[in-house]
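Q:
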Amino acid sequence: MTVQTLTSLIDKQDNFEIVRDQIAGILVAEVENQMVLAQAGLQDPNLWKLDVYTERANPWDKWLNAPSNPADTVPIVNVWYDNGQFPENRGGTVNVQGHNTTYNIDILGYGASKSDGATGHITGDKSASLEAQRGLRLVRNILMSALNVNLQLKGLVSKRWVQSITAFQPSQDTQAAQNILGIRMAFEVWMVETSPQFTPTDLEGIFTEITRDGDGKILLQAEYDYITPP
Amino acid sequence: MSLRVQAESDLSFMLEDNATGFGWPITITDPDNNTNTNPLYGSSMDIGLSIDPDTGMLVDGQRVTVALRISSLSAQSLGIPKAIPDEDKRPWRVTFDDINGQPSTFKVSSSQIDRSAGVVVCTLENYIP
Numbered sequence: 132m133t134v135q136t137l138t139s140l141i142d143k144q145d146n147f148e149i150v151r152d153q154i155a156g157i158l159v160a161e162v163e164n165q166m167v168l169a170q171a172g173l174q175d176p177n178l179w180k181l182d183v184y185t186e187r188a189n190p191w192d193k194w195l196n197a198p199s200n201p202a203d204t205v206p207i208v209n210v211w212y213d214n215g216q217f218p219e220n221r222g223g224t225v226n227v228q229g230h231n232t233t234y235n236i237d238i239l240g241y242g243a244s245k246s247d248g249a250t251g252h253i254t255g256d257k258s259a260s261l262e263a264q265r266g267l268r269l270v271r272n273i274l275m276s277a278l279n280v281n282l283q284l285k286g287l288v289s290k291r292w293v294q295s296i297t298a299f300q301p302s303q304d305t306q307a308a309q310n311i312l313g314i315r316m317a318f319e320v321w322m323v324e325t326s327p328q329f330t331p332t333d334l335e336g337i338f339t340e341i342t343r344d345g346d347g348k349i350l351l352q353a354e355y356d357y358i359t360p361p
Numbered sequence: 025m026s027l028r029v030q031a032e033s034d035l036s037f038m039l040e041d042n043a044t045g046f047g048w049p050i051t052i053t054d055p056d057n058n059t060n061t062n063p064l065y066g067s068s069m070d071i072g073l074s075i076d077p078d079t080g081m082l083v084d085g086q087r088v089t090v091a092l093r094i095s096s097l098s099a100q101s102l103g104i105p106k107a108i109p110d111e112d113k114r115p116w117r118v119t120f121d122d123i124n125g126q127p128s129t130f131k132v133s134s135s136q137i138d139r140s141a142g143v144v145v146c147t148l149e150n151y152i153p
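For the record, the sequence lines run as chains L and X.
Counting the first sequence from 1 gives a position; this note's numbering is that position plus 131.
Counting the second sequence from 1 gives a position; this note's numbering is that position plus 24.
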């Protein structure tokens, strides 16, 4: 049995990859913008800063085993593709399928316990939680703003929605020396995916010309090879 | 002497022997800023790997603990270190050097007190004085 193969190289990204990178790109661009706005408003721009990564397994490692005061405690955001559904009523079997994706956007906050300079102290576990929530606040507001209703990919993305938000409480059994708390925002995005199609071959060339007659009629003139049937 | 009293007495060389054992100099500071005036020795641990109890897998993460003899703390008029959740109070602080002489200060985030054996094990977190 002969098996047909494609005639062209599959060298394009699927749309779910493009959308993942777009989500990260929007966050990076808007964070920079927010920091400029904060500075113009005489506020500390670092309160709007986020470190954005995609598809990272362990982006918080820079906080682990660090000295008690790591140089960089900016909340970390990690965007990764979790799963996708292909509903049968969104698309066809030939060329276009609807792809309902879920991206996990993990926001990590770091907090260090420290003296308050008086008779109390700032607790690291609470600081880590507030930092993570601050990061979540920025991420949710950016992605759900009207400007990003289609994630600036109109025609590709038809819907984006915050599916759920879950905060991970640290395990009491293995208390690490660092206070790091994570919050996961499950972000649903509806898009379409395409796939390689047959390369068409020309069957016949037909030259056409459309004109308007003097009485307003639309005339079509066509030129094509015609072989008189026997 | 009962075996239990003997066991507590044996802590002097199991925990506090800094000459031939694993005893390590540790400084304890209570929320009122009282510190051990005489050297205090105990067992300290600061490692980068631990085992997740749920999965049994190795996980990255700094885990720091000290084990101290309760009677030695009492002898220096110090209470038993424990977690202080209140933000209007200073926490119990623990300072000790690593093997290369680099000092670090930690906050007691939880303590497991064994009043039967006379030992307190404190789990520590990073602290900026």
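Here a beta-carbon is modelled for each residue, glycine too, at the ideal position from N, C-alpha and C.
Using a Cβ-Cβ cutoff of less than 6 Å, which residues in the same chain neighbour residue 34/X once the five nearest sequence positions on both sides are dropped?
A: Same-chain partners within the cutoff: there are none.
Q: Can the beta-carbon of residue 237/L be found less than 7 Å from the beta-carbon of residue 315/L?
A: Yes, they are a contact pair.
Q: Taking residue 250/L as the query, report the chain X residues whose CB atoms sit under 8 Å from its CB, ordered along the chain.
A: Residues of chain X passing the Cβ test: 112, 113, 114.
Q: Can you tell me whether residue 54/X is buried or exposed? The criterion is at least 16 other CB atoms within 10 Å of its CB, across all chains shown.
A: By the 10 Å Cβ count, residue 54/X comes out buried.
Q: Against residue 195/L, what residues of chain X qualify as contacts under a CB-to-CB distance less than 8 Å, listed in chain order?
A: Simply 72, 84, 85, 86.
Q: Of all Cβ atoms in chain L, is any one closer than 7 Å to the Cβ of residue 68/X?
A: For residue 68/X, the answer is no, since every Cβ of chain L falls outside 7 Å of its Cβ.
Q: What's the call for residue 60/X, buried or exposed, on a 16-neighbour Cβ count within 10 Å?
A: Buried, since its Cβ has 16 or more Cβ neighbours within 10 Å.
Q: Return the CA-CA distance between residue 250/L and residue 153/X, expressed in angstroms with no decimal places.
A: So the two alpha carbons sit approximately 12 Å from each other.
Q: Grab the span of the beta strand (DSSP E) containing residue 317/L for me, first residue to last.
A: Segment 310–325, the beta strand (DSSP E) holding residue 317/L.
Q: Taking residue 92/X as the reference, give the member of 27/X, 100/X, 109/X with the closest Cα.
A: Of 27/X, 100/X, 109/X, the residue nearest in Cα terms is 100/X.
Q: Return yes when the C-beta of residue 67/X is under 6 Å from any heavy atom of the ligand SAM, and no when it is not.
A: The ligand SAM is not part of this structure, which contains no ligands at all.
Q: Looking at the C-beta of residue 188/L, does it have a partner C-beta in chain X at a distance below 7 Å?
A: No - not a single Cβ of chain X is within 7 Å of the one on residue 188/L.
Q: How many whole angstroms separate the CB atoms of residue 209/L and residue 184/L, which I take to be in contact at a CB cut-off of 8 Å?
A: 5 Å between Cβ atoms; contact.
Q: Mind reading off the beta-carbon distance from residue 244/L to residue 252/L? Whole number of angstroms is fine, and I expect it under 8 Å.
A: Indeed they touch by this definition, with Cβ atoms about 6 Å apart.
Q: What is the C-beta distance between residue 320/L and residue 282/L, in whole angstroms, given that I count them as a contact (C-beta under 8 Å)?
A: Between residue 282/L and residue 320/L the Cβ distance is about 7 Å, and since that is below 8 Å, they are a contact.
Q: Assuming contact is defined by CB atoms lying nearer than 7 Å, are residue 337/L and residue 357/L in contact in what I supplied?
A: Taking 7 Å as the Cβ cut-off, residue 337/L and residue 357/L do not qualify as a contacting pair.
Q: Which class does residue 69/X belong to by DSSP, given the choice of helix, strand or coil?
A: Three-state DSSP puts residue 69/X in a strand.
Q: Report, in whole angstroms, the separation of the C-beta atoms of residue 104/X and residue 137/X, which I expect to be a contact under 8 Å.
A: Sure, about 6 Å apart at Cβ, within 8 Å.
Q: Do you know offhand how far residue 186/L's Cα is from residue 309/L's?
A: In a straight line, the C-alpha of residue 186/L is about 23 Å away from that of residue 309/L.
Q: Near residue 262/L, which residues of its chain fall below 7 Å by C-beta distance, leaving aside the five closest residues on each side in sequence?
A: Closer than 7 Å at Cβ, skipping near neighbours: 206, 240, 241, 242.
Q: Measure the CB-CB distance between residue 294/L and residue 277/L and report whether it falls below 7 Å.
A: No, Cβ-Cβ distance for residue 294/L and residue 277/L is not below 7 Å.
Q: How is residue 143/L classed by DSSP in three states: helix, strand or coil?
A: Correct three-state label for residue 143/L: coil.
Q: Run through chain L and tell me which residues come within less than 8 Å of residue 65/X, C-beta to C-beta.
A: None at all; the shortest Cβ gap to chain L is about 21 Å.
Q: What are the residues in the stretch 120–141 of chain X lying within 8 Å of chain L by C-beta distance?
A: Listed in sequence order: 128, 129, 130, 131, 133, 134.
Q: Are there 16 or more other CB atoms within 10 angstroms of the CB of residue 150/X, so buried, or fewer, so exposed?
A: Residue 150/X should be labelled buried.
Q: In chain X, what lies closer than 8 Å to residue 253/L by C-beta?
A: By Cβ distance, chain X contributes 111.
Q: Near residue 292/L, which residues of its chain fall below 6 Å by C-beta distance, leaving aside the five closest residues on each side in sequence?
A: Excluding sequence neighbours, residue 292/L sits near 319.
Q: Return the first residue and the last residue of the alpha helix (DSSP H) that residue 257/L is part of.
A: Here the alpha helix (DSSP H) through residue 257/L covers 255–274.
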